[in-house]
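J.: Structure incoming, see below.
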Amino acid sequence: MGCDIVYSIILVEDDIMQREILKKMILQMHEFIKIYEADSEKSALDIIENNDVDMFLIDISLKESSGLDLAMNIRKIPKYEFRQIIFLTTHMEYITQAFKQTHCYDYILKPYDKDEVQTMINKIILNETNKLNSKPKEVNVEDTKEVVVTLKSGVFLGIKIKDIIFIEVKGKNCEINTTNGMYVVNNTTLKKMMKLINCEYIIQSHRSYAINKKYISVIEKQDFKLSKVYFNNYEGTALLGYKFKDDVISEFKKGKVIIC
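Residue numbers for the sequence shown follow this note's numbering, so the first one is 791 and each next one is one higher.
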């Protein structure tokens, strides 16, 4: 992103010291970031309605109102329906409701960790920049689908199916490995997860694994019954069982996959 492009962020935080700390962390990242500041829902809405804001960092526990209410009002404004909202909080118990009602991107716990703040915001900016710089193309309905899961922490999270690299079941837990990290879901079988996802490019490869065929780079034979699956730009690996081998290999032959 060139410096002539401005990426705007609003900080809605009624504690001026906390707001200044967060502002300083963000401004250290890029010179093209513009920061708006608000200490209440009313002042935030005034700014939001009269400017174009790319990202919202909202204290979930504002003194005069709820940051959750503000986020819901932001979502009612058409141009902000899908903009990135990040909640600032010291109370994890509010986050589940926030994810469910406002489809927020993520949350940041107080006190703020500089590396966490900068990594998260930089990731969003780079992602948005790539979208702007990419050529327009037809929207694939499959690429917009999400699966909503309840994490081990109790948080409801929407995961884009296209971002899933592979799924592994360990005991009663299900680990969903994605391009954004790994998430643990409690008390879910692979069969239930596959039924919930219901996507043609997420295929079962083993009794404990399902894989996204779009991310596969290499299949390495381990023995007569078992192979190991490697993925593009991801360290984790999955297993390919003998029972699923023919179907999976058939899918791989449609693309560029090295079979060792």
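All C-beta atoms in this analysis are idealised placements derived from N, C-alpha and C, irrespective of residue type, glycine included.
Only a predicted model underlies this, so the values are computations on that prediction, with no experimental measurement involved.
1. I867: buried (16+ other C-beta within 10 angstroms of its C-beta) or exposed?
2. Tell me G948's beta-bridge partners as DSSP assigns them.
3. With H, G and I counted as helix, E and B as strand and the rest as coil, what does DSSP make of I850?
4. Where R809 and I838 are concerned, what is the direct C-alpha to C-alpha distance, given to the nearest angstrom?
5. Quick one: Cα of A834 to Cα of S855, how far?
6. Can you tell me where the beta strand (DSSP E) holding D1036 begins and where it ends?
7. Between which two residues does the beta strand (DSSP E) carrying M972 extend?
8. Name the DSSP beta bridge partners of H820, please?
9. Helix, strand or coil, according to DSSP, for I867 in the structure here?
10. Less than 6 Å between C-beta atoms, sequence neighbours within five positions excluded: which residues of the same chain meet that for S830?
11. Find the nearest neighbour of A1028 within the set I911, K1035 and I1001, judged by alpha-carbon distance.
12. Just the C-alpha distance for E871 and K962, rounded to the nearest angstrom, thanks.
13. For the alpha helix (DSSP H) that I833 lies in, which residues bound it at each end?
14. Buried or exposed: which applies to F1021, given that a residue is buried once 16 or more other Cβ atoms fall within 10 Å of its Cβ?
15. Assign L801 to one of two classes, buried (16 or more other C-beta atoms within 10 Å of its C-beta) or exposed (fewer than that).
16. Should the region 990-1000 be regarded as contacting the region 951-967, the criterion being three or more beta carbon pairs within less than 8 Å?
17. Taking the alpha-carbon of L847 as reference, which of I1006, Y897, I1039 and I915 has the nearest alpha-carbon?
18. Between I1054 and L980, how many whole angstroms is the CB-CB distance? I'm expecting something under 8 Å.
19. Contact defined as beta carbons within less than 8 Å: I believe I966 pairs with I954. What is the distance between those atoms, to the nearest angstrom?
20. With C-beta atoms as the reference, is E827 less than 8 Å away from L878?
21. Just reading off the beta strand (DSSP E) that K981 is part of, what are its end residues?
22. Using only the alpha-carbon positions, how far apart do D903 and I876 sit?
23. Mapping DSSP to helix, strand and coil, what is G1026?
24. Using a threshold of 8 Å, state whether the C-beta atoms of I1094 and Y973 are closer than that.
25. On the three-pair Cβ rule with 8 Å, is the region 811-819 touching the region 906-919?
T.: Let me spell this out:
1. Within the sequence shown, the letter at position 77 stands for residue 867. Counting of Cβ neighbours within 10 angstroms places I867 among the exposed residues, the total staying below 16.
2. Position 158 of the sequence shown holds residue 948. Per DSSP, V938.
3. As a working mapping, residue 850 is identified with position 60 in the sequence shown. I850: coil per DSSP, three-state reduction.
4. Taking the sequence shown and counting its residues from 1, the one referred to as residue 809 is at position 19. Taking the sequence shown and counting its residues from 1, the one referred to as residue 838 is at position 48. Here the C-alpha atom of R809 lies approximately 17 Å from the C-alpha atom of I838.
5. The sequence position of residue 834 within the sequence shown is 44, counting from 1. The sequence position of residue 855 within the sequence shown is 65, counting from 1. When rounded, the distance between both Cα atoms is 12 Å.
6. Residue 1036 sits at position 246 when you count from the first residue of the sequence shown. Boundaries around D1036 are those of the alpha helix (DSSP H), Y1032 to F1042, since no beta strand (DSSP E) includes it.
7. Mapped onto the sequence shown, residue 972 falls at position 182. M972 -> beta strand (DSSP E) spans G971 to V975.
8. Working through the sequence shown from its first residue, we reach residue 820 at position 30. DSSP lists no bridge partner for H820.
9. Residue 867 sits at position 77 when you count from the first residue of the sequence shown. The answer is coil: DSSP assigns I867 none of H, G, I, E or B.
10. For the purposes of this step, residue 830 is taken as the residue at position 40 of the sequence shown. For S830, where only same-chain residues beyond five positions count, the Cβ hits under 6 Å are E854.
11. As a first step, residue 1028 is located in the sequence shown; it is residue number 238 there, counting from the start. Of the listed residues, the one whose Cα sits closest to A1028 is I1001.
12. Translated into positions along the sequence shown, residue 871 becomes position 81. Translated into positions along the sequence shown, residue 962 becomes position 172. Answer to the nearest angstrom: the Cα atoms are 36 Å apart.
13. In the sequence shown, residue 833 corresponds to position 43, counting from 1. For clarity, residue 833 is Ser in the given sequence; the question names Ile instead. S833 -> alpha helix (DSSP H) spans E831 to N840.
14. For this step, residue 1021 is matched to residue 231 along the sequence shown. Result: buried.
15. The residue labelled residue 801 in the question sits at position 11 within the sequence shown. By the Cβ-count criterion, L801 is buried, with 16 or more other Cβ atoms from all chains shown falling within 10 Å of its own Cβ.
16. By the Cβ test, the region 990-1000 is in contact with the region 951-967, since at least three Cβ pairs between them sit closer than 8 Å.
17. Against the sequence shown, residue 847 aligns to sequence position 57. Ranked by how close their Cα comes to the Cα of L847, the residues I1006, Y897, I1039 and I915 have Y897 in first place.
18. Past the edges of the chain, shown from 791 to 1050, lies residue 1054, and the structure says nothing about it.
19. Sequence index remark: in the sequence shown, residue 966 carries index 176 (1-based). Sequence index remark: in the sequence shown, residue 954 carries index 164 (1-based). Between I966 and I954, the beta carbon gap of about 6 Å places them in contact (Cβ cut-off 8 Å).
20. Taking the first residue of the sequence shown as 1, we reach residue 827 at position 37. Taking the first residue of the sequence shown as 1, we reach residue 878 at position 88. No, the pair does not count as a contact, with Cβ atoms beyond the cut-off.
21. For the purposes of this step, residue 981 is identified with residue 191 of the sequence shown, where counting begins at 1. Counting along the chain, K981 falls outside any beta strand (DSSP E), though it belongs to the alpha helix (DSSP H) covering L980 to I987.
22. As a working mapping, residue 903 is identified with position 113 in the sequence shown. As a working mapping, residue 876 is identified with position 86 in the sequence shown. Going from the Cα of D903 to the Cα of I876 covers about 15 Å.
23. For this step, residue 1026 is matched to residue 236 along the sequence shown. If DSSP states are grouped into helix, strand and coil, G1026 belongs with the strands.
24. The question about residue 1094 has no answer here: the residues shown for the chain are numbered 791 through 1050.
25. Cβ pair count under 8 Å is three or more, so yes.
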